[in-house]
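Below is one structure, written out as structure tokens, with a few remarks after it.
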Amino acid sequence: MPGIPEAEAKKDLGNKAFAAKDYDEAIKYYTAAISIDSKNCVYYSNRSACHGGKGDWEKAANDAKECIKVNPEFIKGYYRLANAQSELNQFDAALATVKQGMAVDSNNSQLQKQMRQIKAKRDNQRRVQNATKTATSAATDNAPIRSLDPSVIKEVQDLQAQYRTTAKEFRDVQGKIRRAQLAKRTSELTKNQLEELPDGSYSKLYRPVGKMFMLASESEITTHLDETIEKEGKNETSLSSKMEYLEKMMKSQQQNIQELTKSASE
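Following the numbering used here, the numbering of the sequence shown begins with 17 at its first residue and continues without gaps.
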């Protein structure tokens, strides 16, 4: 949407910095644009995306709320806010935000997809919490085994050691899933931001290569982002399947411990 030329110039500089993933520099320019024209919702939306790129989800949420306040018809504001709320594990609030956005545009495919993603993340966290409770319960099951037969104690201790190993692997997979989700979402945000840029509004774009950045064309960056989104999406799916398997294994191991101690005590 058109704005004050001086503010738009700051926004364009912010867009270029965002495309290069220089979020601090982009925030500086978007903030300058807001200081010139505080009634342009796009500036808040873009700055929210920058805070999200840095993992500062509280600030991302605040800017998204301001974006919606300035223009309740701007769908991207609801998307930004729901994404930040989801990252803060505020799933009910995130789903409510998506519904508010869909009240404005009920056929918005981006919001529909986001709702599915938030529900999946919420359900995944619930599985993790249940598994954590299971781990805590298994860890406190050491006390009653002292009165058992030494051979049974040894078997129980072996099972508990296996459980701790599985629990550690479960936590490692959790961490890998979070990293894959972050990489995927960051690439999606960057791609969405690039798609919003008007043709010819940038002169230099860079893509990451290891710890360095390489000058690249728009098509090269888009291809790189698409490949990253696909790769991390497959990685997340594979890791989620592994996490479900490990969760079942933990429950089975805990049940074996409980059954062994119970039968030996009878």
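Built from N, CA and C at the ideal position, the CB exists for glycine as well.
Open item on the list: Check this for me: beta carbons of residue 73 and residue 104, under 8 Å apart or not?
Closed with: Start at 1 with the first residue of the sequence shown, and residue 73 comes out as number 57. Start at 1 with the first residue of the sequence shown, and residue 104 comes out as number 88. Yes.
Task: Cβ separation of residue 115 and residue 62, assumed to be a contact under 8 Å, to the nearest whole Å - done: On the sequence shown, residue 115 is found 99 positions in, with the first residue counted as 1. On the sequence shown, residue 62 is found 46 positions in, with the first residue counted as 1. Contact flag wrong, Cβ pair sits at about 24 Å.
Task: Cα-Cα separation between residue 176 and residue 252, rounded to whole angstroms - done: Position 160 of the sequence shown holds residue 176. Position 236 of the sequence shown holds residue 252. Straight-line Cα distance between these residues: approximately 29 Å.
- [ ] With DSSP as the reference, label residue 232 as helix, strand or coil.
- [x] As a first step, residue 232 is located in the sequence shown; it is residue number 216 there, counting from the start. DSSP places residue 232 in strand when its eight states are reduced to three.
Open item on the list: Does residue 20 come out as helix, strand or coil in the three-state DSSP assignment?
Closed with: Walking along the sequence shown from the start, residue 20 turns up at place 4. Here residue 20 sits in coil by DSSP.
TODO: Could you tell me whether the region 134–144 touches the region 239–255, using the rule of 3 or more Cβ pairs below 8 Å?
DONE: no
- [ ] Please list, in chain order, all residues of the same chain as residue 260 whose beta carbon is under 8 Å from its beta carbon, the five residues on each side excluded.
- [x] As a working note, residue 260 is residue 244 in the sequence shown. The residues are 143.
- [ ] Classify residue 266 as buried or exposed, calling it buried when 16 or more other Cβ atoms lie within 10 Å of its own Cβ.
- [x] Position 250 of the sequence shown, counting from 1, holds the residue named residue 266. Buried, since its Cβ has 16 or more Cβ neighbours within 10 Å.
Task: Exposure of residue 119, with buried meaning 16 or more beta-carbon neighbours within 10 Å - done: To locate residue 119, count along the sequence shown from 1; it is residue 103. Burial call: exposed.
Task: For residue 89, the three-state DSSP class (helix, strand or coil) - done: Counted from its first residue, the sequence shown places residue 89 at position 73. Three-state DSSP puts residue 89 in coil, outside helix and strand.
- [ ] Look at residue 204 and residue 276 and say whether their C-beta atoms are less than 8 Å apart.
- [x] For the purposes of this step, residue 204 is taken as residue 188 along the sequence shown, with counting starting at 1. For the purposes of this step, residue 276 is taken as residue 260 along the sequence shown, with counting starting at 1. Cβ atoms of residue 204 and residue 276: not closer than 8 Å.
Open item on the list: Check this for me: beta carbons of residue 269 and residue 197, under 8 Å apart or not?
Closed with: As a working note, residue 269 is residue 253 in the sequence shown. As a working note, residue 197 is residue 181 in the sequence shown. In this structure, residue 197 does not lie closer than 8 Å to residue 269 by Cβ.
TODO: Express the C-alpha separation of residue 32 and residue 262 in angstroms, rounding to a whole number.
DONE: For the purposes of this step, residue 262 is taken as residue 246 along the sequence shown, with counting starting at 1. For the purposes of this step, residue 32 is taken as residue 16 along the sequence shown, with counting starting at 1. Going by the C-alpha atoms only, they are around 43 Å apart.
Open item on the list: Short of 6 Å in beta carbon distance, which residues of its chain neighbour residue 64, apart from the five on each side in sequence? Order them along the chain.
Closed with: Walking along the sequence shown from the start, residue 64 turns up at place 48. Closer than 6 Å at Cβ, skipping near neighbours: 76, 79, 80, 96.
Task: N- and C-terminal bounds of the alpha helix (DSSP H) containing residue 111 - done: Taking the sequence shown and counting its residues from 1, the one referred to as residue 111 is at position 95. Residue 111 -> alpha helix (DSSP H) spans 107–120.
TODO: Run the CB neighbour count on residue 123, radius 10 Å, all protein chains shown included, and call it buried at 16 or more, exposed below.
DONE: Translated into the one-based positions of the sequence shown, residue 123 becomes position 107. Looking at its Cβ environment, which holds fewer than 16 other Cβ atoms inside 10 Å, residue 123 is exposed.
Open item on the list: Are the CB atoms of residue 69 and residue 39 within a distance shorter than 8 Å?
Closed with: Looking up residue 39 in the sequence shown gives position 23. Looking up residue 69 in the sequence shown gives position 53. In contact: residue 39 and residue 69 (Cβ atoms closer than 8 Å).
Open item on the list: Rounding to the nearest angstrom, what Cα-Cα distance links residue 255 and residue 264 in this structure?
Closed with: Mapped onto the sequence shown, residue 255 falls at position 239. Mapped onto the sequence shown, residue 264 falls at position 248. Taken atom to atom, the span from the alpha-carbon of residue 255 to that of residue 264 is near 14 Å.
Open item on the list: Which same chain residues end up closer than 6 Å to residue 244 when comparing Cβ atoms and leaving out the 5 residues on each side of it in sequence?
Closed with: To locate residue 244, count along the sequence shown from 1; it is residue 228. Within the same chain, residue 244 has close Cβ partners 203.
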